[in-house]
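The structure under discussion appears below in the form of structure tokens.
There are 2 protein chains.
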Amino acid sequence: MESPNTNQEKAGVLGRAWEHVKALPEVLRKKVWGICKMSKEVAQDDPRRVIHSLKVGLAISLVSLFYYYQPLYENFGLSAMWAVMTVVVVFEYTVGATLGKGLNRTMATLAAGALGVGAHYLASLSGETGEPILIGFFVFVQAAIASFIRFFPKVKTRYDYGILVFILTFSLISVSGFRDDEVLEMAHKRLSTIFIGGSACVMISIFVCPVWAGEEFHYSIAEKLEILGDFLEAFVDEYFTTSKEGDSKDNKSFLEGHKSILNSKSSEEALANFARWEPGHGKFKFRHPWSQYLKIGALSRQCAYRMEALKELLNSNTQGSPEIHCTIQELCSEMSLESSKALKKLVVSIRTMTMASSADIHIANSKAALKSLKSLLQSNLWKETDLFSLVQPVTVASLLIDIVECTEEIADSVNVLASIVDFDVEDADEKSPKTSQSPNSECAKNDNNPHVVILIEEPVLSDCGKTTSDQHK
Amino acid sequence: MESPNTNQEKAGVLGRAWEHVKALPEVLRKKVWGICKMSKEVAQDDPRRVIHSLKVGLAISLVSLFYYYQPLYENFGLSAMWAVMTVVVVFEYTVGATLGKGLNRTMATLAAGALGVGAHYLASLSGETGEPILIGFFVFVQAAIASFIRFFPKVKTRYDYGILVFILTFSLISVSGFRDDEVLEMAHKRLSTIFIGGSACVMISIFVCPVWAGEEFHYSIAEKLEILGDFLEAFVDEYFTTSKEGDSKDNKSFLEGHKSILNSKSSEEALANFARWEPGHGKFKFRHPWSQYLKIGALSRQCAYRMEALKELLNSNTQGSPEIHCTIQELCSEMSLESSKALKKLVVSIRTMTMASSADIHIANSKAALKSLKSLLQSNLWKETDLFSLVQPVTVASLLIDIVECTEEIADSVNVLASIVDFDVEDADEKSPKTSQSPNSECAKNDNNPHVVILIEEPVLSDCGKTTSDQHK
């Protein structure tokens with residue numbers, strides 16, 4: 117009775133195995149397809165990544181010429197390997213990161229080479245038995261101290277790689293010196309090949325389609341302010357408008373945009389750090405005030421935290437009464453939209469590096485709206501309503517007030533930046549690409565009166581709900 | 117007439133130079149003193165850093181034995197250098213990071229070594245003139261493709277270092293192969309020395325005072341919840357109590373604590389990533405659910421964002437009327453303190469890895485207080501007050517409601533974690549260290565009735581302002 121069963125089982129196992137084999141090309145095809153799609157996405161996301169990859173290939177190929185050509189090889193021999201190694205390790209995406217790593221590596225090799233040769237000399241004085249012990253002791257002490265220094269916060273941010281190379285070079289030179297008496301020549305060869313590799317990296321990263329960390333940082337800050345502006349616009353749409361299918365989808369993505377800002381601290385600090393290594397380029401001088409950008413970044417995070425709290429209110433179940441909603445709508449919208457416009461002016465101002473005087477007007481407008489809102493809240497219109505239906509609108513208003521104040525601080529910091537860097541006085545507004553301006557903003561502009569918004573206080577209790585949505589479509 | 121002047125000038129320059137020289141020891145002394153102080157701080161902050169530094173020294177000294185002992189040196193020769201190099205580069209602070217780097221380096225060397233030997237073989241088929249061209253082409257293509265792959269997000273987080281070593285090894289082996297015909301031997305030596313260096317690192321990092329990334333991650337999450345709990349306690353003290361000099365200083369530091377959570381995303385992800393490489397240790401198994409910790413971390417950041425908004429209200433000028441302040445105080449304090457207690461129970465539960473059923477009671481209490489607060493807000497007590505004086509208290513209440521809801525989500529996630537990891541059923545409360553419990557909480561505990569707080573609704577409008585401050589001193 118068993119044999120048919122086992123036969124069947126065998127057939128089953130074979131059948132399944134065969135199916136796996138048959139499915140293999142399909143699985144493989146899907147995997148390859150997935151990788152191709154991912155590659156396309158990564159490349160489309162930032163085409164400079166492809167260029168960077170080609171640059172790395174070019175740099176390594178160039179440096180490996182040392183091996184192919186006899187005269188070059190005769191000079192350096194096997195040490196030419198260090199040049200290849202340096203290129204692989206030092207070449208980074210941005211010029212600043214490459215320069216920072218290259219300089220760290222060169223300086224650390226220089227310092228550790230000198231110390232290593234000294235340690236070797238000292239140890240060789242102590243006779244044949246003492247030498248390995250003394251060298252071992254030196255290596256241990258140097259590695260322990262240097263590893264400890266890596267924990268210093270200031271060192272960690274800027275010189276971490278340098279310390280690593282220091283430990284490496286000191287250990288290699290003092291230890292190899294024990295076997296190879298031409299320590300000086302070895303140190304010299306290591307230093308010069310590292311110098312060659314490092315300068316090849318730096319040259320290629322500067323002169324072939326450079327990606328400047330400073331420029332990246334500059335535009336990333338502008339982008340962040342734009343995201344904040346978009347959020348405020350989308351929030352007004354979402355909160356003060358009866359939802360329409362088509363619009364709300366776009367708004368949802370704008371309402372998520374600020375999430376990328378929440379966790380931007382570490383990437384910003386890295387960029388600022390790389391940017392500090394870079395020489396002057398384009399509109400950026402050597403000692404460009406990158407710390408001011410960090411301040412603007414920190415403020416935009418502050419703003420994003422409030423927005424996160426605000427967005428949470430949209431999702432919560434406790435809806436305020438439509439009546440109150442409607443009453444504060446006009447002024448809240450005004451405040452948000454003016455702040456949003458101010459942010460977008462600042463974006464243009466940063467991108468074009470020109471003064472944007474009109475941002476101040478929008479800030480003044482939003483502050484005026486804030487004042488009106490406060491006085492509206494102090495009025496006696498509210499006696500009839502129960503407090504609970506006030507909770508959500510009042511919280512929204514309160515958070516918006518915070519955000520408007522934060523926007524003002526951002527505008528101040530951008531103005532400080534503009535005055536330090538000496539932005540062109542030519543008005544940024546003229547360079548501004550066509551933005552979808554609401555009739556409201558045009559009115560404010562025509563009057564050129566920062567307090568124009570106080571006029572709006574009148575129709576506050578008239579029919580509402582649609583008016584604002586029409587204004588900023 | 118000139119000579120006295122120049123003499124004077126000379127004397128002046130010399131004098132100043134002499135002063136600089138005289139000041140030099142003082143300046144140097146200060147610098148050295150500063151470094152010593154900094155070292156002491158870094159070491160006191162986490163004494164394991166000193167141990168780590170000594171471990172690195174030990175590992176490098178051990179591996180450099182290859183050079184000192186003749187039999188070992190005969191086997192590997194100059195390649196022994198790779199072992200030293202591997203130790204310097206691979207040894208990291210936590211076991212997980214060291215293991216991750218070591219495995220990445222070994223696997224990448226293996227793969228790239230095989231491919232490099234293959235490339236060398238292919239190139240050598242094409243004759244003397246074709247060989248360098250073909251090798252150059254291979255190196256270029258592999259470096260470009262591998263550099264591009266480094267941009268893939270998934271690869272970047274886990275295998276970035278592996279790809280770097282892949283490029284390095286492939287280039288070195290295929291390029292060196294052009295000069296040195298013993299390519300196979302070279303590849304073999306590189307692989308085995310890297311293996312030796314890597315395993316020395318891993319052994320030392322596991323067996324000598326190990327620092328487990330998983331354990332760090334586990335306790336860091338508990339610490340975060342504790343910070344959130346401290347904030348809520350301190351907030352109640354600060355906001356609902358007339359300020360006393362001594363207390364407020366402590367509170368200020370608690371009110372700043374959540375800032376460390378705001379930007380914790382990248383460090384948490386790094387720790388989770390390292391932890392995944394680690395074998396089972398202590399209470400943590402190999403496939404410990406680290407992603408659940410990431411979820412708790414994300415929720416605690418959500419909570420911290422609200423707290424940031426809440427803290428901003430404390431600093432703002434718009435103070436609410438003391439009357440309303442006083443009215444909602446009782447319930448807001450109740451809500452916050454119960455949430456704080458729940459968080460602290462969860463902290464103990466995570467730290468001891470035991471179930472904490474009492475956290476649920478506190479959560480239920482805070483939810484009951486939330487309900488009472490809502491019904492209080494719906495009552496008709498508010499008709500007499502103007503809205504503006506309501507803004508701040510209502511916003512505080514609203515944000516606190518958000519925070520309480522967030523705390524609930526955190527408790528749920530911790531419970532999920534407890535059920536996945538199978539926390540001990542033994543009650544965590546017994547293991548809890550003596551925490552400063554308010555009389556209020558004791559009452560809630562004695563009754564063991566989650567709805568006890570509803571009783572408090574009665575004295576809401578009685579004398580207040582001092583009672584709460586006394587309750588949780």
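These protein sequence lines map, in sequence, to chains Z and U. Just so we're aligned, residue 117 is where the first sequence starts under the numbering used here, counting upward by one. Just so we're aligned, residue 117 is where the second sequence starts under the numbering used here, counting upward by one. Beta carbons: idealized from backbone N, C-alpha and C, even for Gly.
* Note down, in chain order, all residues in the region 279 to 292 of chain U with a beta-carbon under 8 angstroms from any beta-carbon belonging to chain Z. => Listed by position along the chain: Leu280, Ile283, Leu284, Ser287, Leu288, Val291, Ser292.
* Assigned secondary structure, Asp540 (chain U) (DSSP; H/G/I helix, E/B strand, else coil) -> On the second sequence, residue 540 (chain U) is found 424 positions in, with the first residue counted as 1. It is a strand residue.
* 7 angstroms Cβ cut-off: residues of chain Z touching Ile409 (chain U) -> Taking the second sequence and counting its residues from 1, one reaches residue 409 (chain U) at position 293. The question names Ile, but residue 409 (chain U) in the sequence shown is Tyr. Chain-ordered listing is empty here: chain Z has no CB closer than 7 angstroms to the CB of Tyr409 (chain U), the nearest sitting near 17 angstroms.
* Asked: Of the residues Z:Asn431, Z:Lys153, Z:Gly413, Z:Phe182, which one's Cα is nearest the Cα of Ile310 (chain Z)?
  -> Translated into positions along the first sequence, residue 310 (chain Z) becomes position 194. Ile310 (chain Z) has its Cα closest to that of Z:Phe182, out of Z:Asn431, Z:Lys153, Z:Gly413, Z:Phe182.
* Asked: What does Met154 (chain U) reach in chain Z if we use C-beta pairs closer than 7 angstroms?
  -> To locate residue 154 (chain U), count along the second sequence from 1; it is residue 38. What Met154 (chain U) touches in chain Z, judged by beta-carbon distance under 7 angstroms, is Phe268, going in chain order.
* Kindly indicate which residue of Z:Ala196, Z:Gly278, Z:Ala230, Z:Ala534 has the alpha-carbon position closest to the one of Lys399 (chain Z). => Taking the first sequence and counting its residues from 1, one reaches residue 399 (chain Z) at position 283. Each of Z:Ala196, Z:Gly278, Z:Ala230, Z:Ala534 was checked against the Cα of Lys399 (chain Z), and the nearest Cα belongs to Z:Ala534.
* Length-filtered (4 minimum) alpha helix (DSSP H) runs lying within the region 148 to 224 of chain Z -> Runs found: 164 to 179, 181 to 184, 186 to 192, 196 to 206.
* Is any beta-carbon of chain Z found at less than 9 angstroms from that of Phe192 (chain U)? -> In the second sequence, the residue the question calls residue 192 (chain U) occupies position 76. Cβ-Cβ to chain Z under 9 angstroms: no for Phe192 (chain U).
* Asked: How long is the line joining the alpha carbons of Gly330 (chain Z) and Thr468 (chain Z), rounded to whole angstroms?
  -> The residue given as residue 330 (chain Z) occupies position 214 in the first sequence. The residue given as residue 468 (chain Z) occupies position 352 in the first sequence. Cα-Cα distance, rounded: 15 angstroms.
* Boundaries (first-last residue) of the alpha helix (DSSP H) holding Thr245 (chain Z) -> Working through the first sequence from its first residue, we reach residue 245 (chain Z) at position 129. Start and end: 243 to 265.
* To do: Would you mind telling me which residues of chain Z sit closer than 8 angstroms to Met201 (chain U), beta carbon to beta carbon, in chain order?
  => Translated into positions along the second sequence, residue 201 (chain U) becomes position 85. Within chain Z, the residues near Met201 (chain U) are Leu284, Leu288.
* Lys156 (chain Z), buried or exposed, once every other Cβ within 10 Å from all chains shown has been counted against 16 -> Residue mapping note: residue 156 (chain Z) aligns to position 40 of the first sequence, counting from 1. Around the C-beta of Lys156 (chain Z), fewer than 16 other C-beta atoms lie within 10 Å, and the residue is accordingly described as exposed.
* At which residues does the alpha helix (DSSP H) containing His441 (chain U) begin and terminate? -> As a first step, residue 441 (chain U) is located in the second sequence; it is residue number 325 there, counting from the start. Going by DSSP, His441 (chain U) is part of the alpha helix (DSSP H) stretching over 438 to 468.
* **8 angstroms Cβ shell around Trp406 (chain U) - same chain, five flanking residues per side excluded** => By 1-based counting over the second sequence, the position of residue 406 (chain U) is 290. Gly330, Phe333, Ala388, Ala391, Arg392, listed in sequence order.
* Which stretch, first to last residue, makes up the alpha helix (DSSP H) that contains Asn431 (chain Z)? -> Residue 431 (chain Z) sits at position 315 when you count from the first residue of the first sequence. Residue range 406 to 431 is occupied by the alpha helix (DSSP H) that includes Asn431 (chain Z).
* Say whether chain U places a C-beta atom closer than 9 angstroms to the C-beta of Ala316 (chain Z). => Counting from one through the first sequence, the residue named residue 316 (chain Z) turns up at place 200. Against chain U, the CB of Ala316 (chain Z) has no partner CB under 9 angstroms away; the residue lies outside that interface.
* Note down, in chain order, each residue of its chain lying with its Cβ closer than 6 angstroms to the Cβ of Ser177 (chain Z), except the 5 sequence neighbours on either side. => Here the question's residue 177 (chain Z) lines up with position 61 in the first sequence. Closer than 6 angstroms at the Cβ level, and outside the excluded window around Ser177 (chain Z), lies no residue.
* Asked: So, using beta-carbon positions, are Val158 (chain U) and Arg221 (chain U) closer together than 9 angstroms?
  -> For the purposes of this step, residue 158 (chain U) is taken as residue 42 along the second sequence, with counting starting at 1. For the purposes of this step, residue 221 (chain U) is taken as residue 105 along the second sequence, with counting starting at 1. Their beta carbons are not under 9 angstroms apart, which means Val158 (chain U) does not touch Arg221 (chain U) by this criterion.
* How do the region 185 to 202 of chain U and the region 274 to 288 of chain Z stand: do at least 3 beta-carbon pairs fall below 8 angstroms, yes or no? -> Enough Cβ pairs lie closer than 8 angstroms, so yes.
* To the nearest angstrom, report how far apart Ser465 (chain U) and Leu415 (chain U) are at their CA atoms. => Translated into positions along the second sequence, residue 465 (chain U) becomes position 349. Translated into positions along the second sequence, residue 415 (chain U) becomes position 299. Spanning the two alpha carbons is a distance of roughly 17 angstroms.
* To do: Compare the C-beta of Ser177 (chain U) against all C-beta atoms of chain Z and say whether one is closer than 9 angstroms.
  => Mapped onto the second sequence, residue 177 (chain U) falls at position 61. Cβ-Cβ to chain Z under 9 angstroms: yes for Ser177 (chain U).
* To do: List the residues of chain Z that Lys381 (chain U) touches, going by C-beta distances under 7 angstroms, in chain order.
  => Position 265 of the second sequence, counted from the first residue, corresponds to residue 381 (chain U). Those are Asn379, listed as they occur along chain Z.
* **Within-9 angstroms CB hit, Thr511 (chain U) to chain Z** => Against the second sequence, residue 511 (chain U) aligns to sequence position 395. It does; some Cβ of chain Z falls within 9 angstroms.
* **chain Z residues whose Cβ lies nearer than 8 angstroms to that of Asp538 (chain U)** => For this step, residue 538 (chain U) is matched to residue 422 along the second sequence. Those within 8 angstroms of Asp538 (chain U) in chain Z number zero; the least Cβ separation is about 32 angstroms.
* Delimiting residues of the alpha helix (DSSP H) encompassing Phe384 (chain U) -> Residue numbering aside, residue 384 (chain U) sits at position 268 when the second sequence is read from its first letter. Looking at the sequence itself, residue 384 (chain U) is Glu, so the reference to Phe does not match. From DSSP, the alpha helix (DSSP H) with Glu384 (chain U) extends over 381 to 393.
* Give the DSSP-derived three-state secondary structure of His334 (chain U) in the structure shown. => Translated into the one-based positions of the second sequence, residue 334 (chain U) becomes position 218. In the structure shown, His334 (chain U) sits in a helix (DSSP, three-state: H, G or I).
* Asked: Which word fits Asn191 (chain Z), buried or exposed, when buried means at least 16 other C-beta atoms lie within 10 angstroms of its C-beta?
  -> In the first sequence, counting from the first residue as 1, residue 191 (chain Z) sits at position 75. By the Cβ-count criterion, Asn191 (chain Z) is exposed, with fewer than 16 other Cβ atoms from all chains shown falling within 10 Å of its own Cβ.
* Compare the C-beta of Leu348 (chain U) against all C-beta atoms of chain Z and say whether one is closer than 9 angstroms. => Counting from one through the second sequence, the residue named residue 348 (chain U) turns up at place 232. Not closer than 9 angstroms to any Cβ of chain Z, the Cβ of Leu348 (chain U) fails to qualify, so no.
* Listing by chain order, which chain U residues have their CB less than 7 angstroms from the CB of His168 (chain Z)? -> By one-based count along the first sequence, residue 168 (chain Z) stands at place 52. Listed along chain U are Ser263, each with a C-beta nearer than 7 angstroms to that of His168 (chain Z).
* To do: Would you kindly check if the distance between the Cβ of Arg164 (chain U) and the Cβ of Gly216 (chain U) is under 9 angstroms?
  => Counted from its first residue, the second sequence places residue 216 (chain U) at position 100. Counted from its first residue, the second sequence places residue 164 (chain U) at position 48. Contact flag unset, no.
* Asked: Relative to the alpha-carbon of Ser478 (chain Z), which residue among Z:Arg266, Z:Leu492, Z:Glu439, Z:Val520 has its alpha-carbon at the smallest distance?
  -> The residue labelled residue 478 (chain Z) in the question sits at position 362 within the first sequence. The identity of residue 478 (chain Z) in the sequence shown is His, whereas the question assumes Ser. Relative to the Cα of His478 (chain Z), the nearest Cα in the group Z:Arg266, Z:Leu492, Z:Glu439, Z:Val520 belongs to Z:Val520.
* Could you check the C-alpha separation between Ser449 (chain U) and Leu144 (chain U) for me, to the nearest Å? => Reading the second sequence from its first residue, position 333 is the one you call residue 449 (chain U). Reading the second sequence from its first residue, position 28 is the one you call residue 144 (chain U). Near 54 angstroms, if we compare the C-alpha coordinates of Leu144 (chain U) and Ser449 (chain U).
* Kindly say whether Leu174 (chain U), judged by its beta-carbon, lies nearer than 9 angstroms to any beta-carbon of chain Z. => Along the second sequence, one-based indexing puts residue 174 (chain U) at 58. Chain Z places a beta carbon closer than 9 angstroms to that of Leu174 (chain U), counting this residue as a contact.
* **Min CB distance Met451 (chain Z) to chain U below 9 angstroms** => Translated into positions along the first sequence, residue 451 (chain Z) becomes position 335. Interface flag for Met451 (chain Z) against chain U is unset, since no Cβ pair is found closer than 9 angstroms.
* Asked: Which residues in chain U sit within 8 angstroms of Tyr421 (chain Z), going by Cβ to Cβ distance?
  -> Within the first sequence, residue 421 (chain Z) is the residue found at index 305, counting from 1. Those within 8 angstroms of Tyr421 (chain Z) in chain U are Leu378, Tyr421, Glu424, Ala425.
* Asked: Hey, out of Z:Leu492, Z:Asn531, Z:Ala425, whose CA is closest to Lys375 (chain Z)'s CA?
  -> Walking along the first sequence from the start, residue 375 (chain Z) turns up at place 259. Nearest Cα to Lys375 (chain Z) within the set Z:Leu492, Z:Asn531, Z:Ala425: Z:Ala425.
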